[in-house]
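S.K.:
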Amino acid sequence: EATGEFVGFCDADDLWRPAKLALQLPHFEDEDVGVVYGNFQFIDGAGRPIETYRPPTYSGRITAELLVDNFVHFPTALVRRSIIEEEGGFDESLSMGIDFDLWLRISVDHDFLFLPDILVDYRIWEGQMSHRTGERLDNAFKLMHRFLADHPGCVTGVQKRRAWAHTYVSRGLWKTRRGERTAGAADLARAFAQRPWDRRLWTSLAKLLLRRQV
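Numbering (this note's numbering), first residue to last: 10 to 223.
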């Protein structure tokens, strides 16, 4: 159980960069900042660099952006322990997405701060990137529904429709690539109903049509 003023997270296979805390801690002098996060480097099983993940560089109250995508990578984040306690801690009933759930709740009342530095080496194994993708996407829907029900008015109607459209597109594409064309098309239609002019939706549809013609 954490007893310090700040809480960080590191899975057994991942590595914090030596300067991680030194880069993050000074920013907590701003009392409005609740979470400081940043970039990370993908490494393979042998520790060799693969690519650098560069998330969207959002800072401040980022609830609307988080609903579109959970870009706050868990191992890079440093959080005030008092805020985790204030928000009731992690929901241990969740089998996945505990970080997404916590970030959403924190984002309502506290600022996030993005750092461009690489803070963590994140190890991935062959096939890991697509592991449990469907379950992860379904879980995101459940968490979004629950969060928006618990926090009505935390985002505008436009922001909410953007988030739903993005999530429907992600699940629709995943289903289509798996050969579940009817289910995938249904999700893409739901995305259209939420946000007919969504650029990602139309780009995805164009790619799917081109792929079928090849």
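All residues carry an ideal CB built from backbone N, CA and C; glycine is no exception.
The structure displayed is predicted, hence computed values, not measured ones.
Does DSSP classify residue 46 as helix, strand or coil?
M.R.: Within the sequence shown, the letter at position 37 stands for residue 46. Reduced to three states, the DSSP call for residue 46 is strand.
S.K.: Determine the direct distance from the alpha carbon of residue 50 to that of residue 26, and round the result to whole angstroms.
M.R.: Here residue 26 is taken as the residue at index 17 of the sequence shown, counted from 1. Here residue 50 is taken as the residue at index 41 of the sequence shown, counted from 1. Residue 26 and residue 50: Cα-Cα distance of roughly 10 Å.
S.K.: Would DSSP call residue 103 helix, strand or coil?
M.R.: What you label residue 103 is simply residue 94 of the sequence shown in a count that begins at 1. The answer is coil: DSSP assigns residue 103 none of H, G, I, E or B.
S.K.: In whole angstroms, what is the alpha-carbon distance linking residue 192 and residue 159?
M.R.: To locate residue 192, count along the sequence shown from 1; it is residue 183. To locate residue 159, count along the sequence shown from 1; it is residue 150. Cα to Cα, the separation comes out at about 29 Å.
S.K.: In angstroms with no decimal places, state the Cα-to-Cα distance between residue 115 and residue 172.
M.R.: Taking the first residue of the sequence shown as position 1, residue 115 is located at position 106. Taking the first residue of the sequence shown as position 1, residue 172 is located at position 163. Using only the alpha carbons, I get a separation of about 18 Å.
S.K.: Mind checking whether residue 109 and residue 152 have CB atoms under 9 Å apart?
M.R.: The count along the sequence shown starts at 1 and reaches residue 109 at position 100. The count along the sequence shown starts at 1 and reaches residue 152 at position 143. Yes, the pair counts as a contact, with Cβ atoms nearer than the cut-off.
S.K.: Please report the residue range of the alpha helix (DSSP H) in which residue 197 lies.
M.R.: Mapped onto the sequence shown, residue 197 falls at position 188. First-last of the alpha helix (DSSP H) with residue 197: 190 to 203.
S.K.: Rounded to the nearest angstrom, how far is the Cβ of residue 64 from that of residue 83, given a contact under 8 Å?
M.R.: Here residue 64 is taken as the residue at index 55 of the sequence shown, counted from 1. Here residue 83 is taken as the residue at index 74 of the sequence shown, counted from 1. Not a contact, Cβ separation roughly 12 Å.
S.K.: Could you give the uninterrupted runs of the alpha helix (DSSP H) lying entirely in the segment 26 to 79, keeping only those of 4 residues or more?
M.R.: Fully enclosed alpha helix (DSSP H) runs of 4 or longer: 29 to 33 and 72 to 77.
S.K.: If you run the structure through DSSP and keep just helix, strand and coil, what is residue 178?
M.R.: Walking along the sequence shown from the start, residue 178 turns up at place 169. Three-state DSSP puts residue 178 in a helix.
S.K.: Within the continuous beta strand (DSSP E) that includes residue 17, where are the two ends?
M.R.: Numbered from its first residue, the sequence shown carries residue 17 at position 8. First-last of the beta strand (DSSP E) with residue 17: 15 to 17.
S.K.: Taking residue 19 as the reference, give the member of 184, 178 and 128 with the closest Cα.
M.R.: One-based indexing of the sequence shown puts residue 19 at position 10. For residue 19, the nearest C-alpha among the options comes from 128.
S.K.: Taking the alpha carbon of residue 133 as the reference point, which residue from 203, 67, 168 and 21 has its own alpha carbon closest?
M.R.: As a working note, residue 133 is residue 124 in the sequence shown. Answer by Cα proximity: 21.
S.K.: Does the separation of the CB atoms of residue 34 and residue 87 fall below 9 Å?
M.R.: Here the question's residue 34 lines up with position 25 in the sequence shown. Here the question's residue 87 lines up with position 78 in the sequence shown. The answer is yes: Cβ separation under 9 Å.
S.K.: Does the Cβ of residue 198 have 16 or more other Cβ atoms within 10 Å, making it buried, or fewer, making it exposed?
M.R.: The sequence position of residue 198 within the sequence shown is 189, counting from 1. Exposed is the call here.
S.K.: Can you have a look at residue 175 and say buried or exposed, based on whether 16 or more other CB atoms are within 10 angstroms of its CB?
M.R.: Working through the sequence shown from its first residue, we reach residue 175 at position 166. Buried.
S.K.: Taking the straight line between their C-alpha atoms, what separation do you get for residue 216 and residue 186?
M.R.: Taking the sequence shown and counting its residues from 1, one reaches residue 216 at position 207. Taking the sequence shown and counting its residues from 1, one reaches residue 186 at position 177. Spanning the two alpha carbons is a distance of roughly 12 Å.
S.K.: How big is the Cα-Cα spacing for residue 139 and residue 203?
M.R.: Looking up residue 139 in the sequence shown gives position 130. Looking up residue 203 in the sequence shown gives position 194. Its pLDDT being 49, under 50, residue 139 is placed unreliably by the model, and nothing is read from it.
S.K.: Where does the unbroken beta strand (DSSP E) through residue 141 begin, and where does it stop?
M.R.: Here residue 141 is taken as the residue at index 132 of the sequence shown, counted from 1. Note, residue 141: premise wrong, no beta strand (DSSP E); not H, not E.
S.K.: Within the continuous beta strand (DSSP E) that includes residue 132, where are the two ends?
M.R.: Numbered from 1 along the sequence shown, position 123 holds the residue referred to as residue 132. Start and end: 120 to 132.
S.K.: Cβ of residue 54 versus every heavy atom of the ligand ZN: is any distance shorter than 8 Å?
M.R.: The ligand ZN is absent from the structure shown, which contains no ligand whatsoever.
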